[in-house]
Amino acid sequence: MKSEQSLLTDTEYCSIPSPQDIEVTKRIQVALEPISISVLDHIIAAGQAYVSCSEKRLL
Numbered sequence: 562m563k564s565e566q567s568l569l570t571d572t573e574y575c576s577i578p579s580p581q582d583i584e585v586t587k588r589i590q591v592a593l594e595p596i597s598i599s600v601l602d603h604i605i606a607a608g609q610a611y612v613s614c615s616e617k618r619l620l
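With my numbering applied, the sequence shown covers 562 to 620.
1) List the residues that DSSP assigns as beta-bridge partners of Val622.
2) In whole angstroms, what is the alpha-carbon distance linking Ala607 and Cys575?
3) Cβ atoms of Pro578 and Leu619: under 7 Å apart, would you say?
4) Output needed for Ala610: all residues of its chain with C-beta closer than 6 Å, excluding positions within five of it in sequence on either side, in chain order.
5) If distances are taken between C-alpha atoms only, which option among Ile598, Ser615 and Ser597 comes closest to Ile604?
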């Protein structure tokens, strides 16, 4: 079975991932798992700053 990958992006006023950001990302990961789609990252951008949840090991 072929595996697909996805990347989530989010624009906010603060580039620090909130507990809600992390929870939604985990729910999306669980929802996509049965159809073999993996979430590579959730990038939160705010102005000139950004945070990669993958780099912060939040995924």
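For glycine and all other residues, C-beta sits at the position ideal for the given N, C-alpha and C.
A quick look at the data gives this:
1) The structure shown does not extend to residue 622, since the chain is modelled only from 562 to 620, so the question has no answer here.
2) So the alpha carbons of these two residues sit roughly 5 Å apart.
3) Yes.
4) Cβ contact annotation for Ala610 (same chain, cutoff 6 Å, sequence separation greater than five): Ser576, in chain order.
5) Answer by Cα proximity: Ser615.
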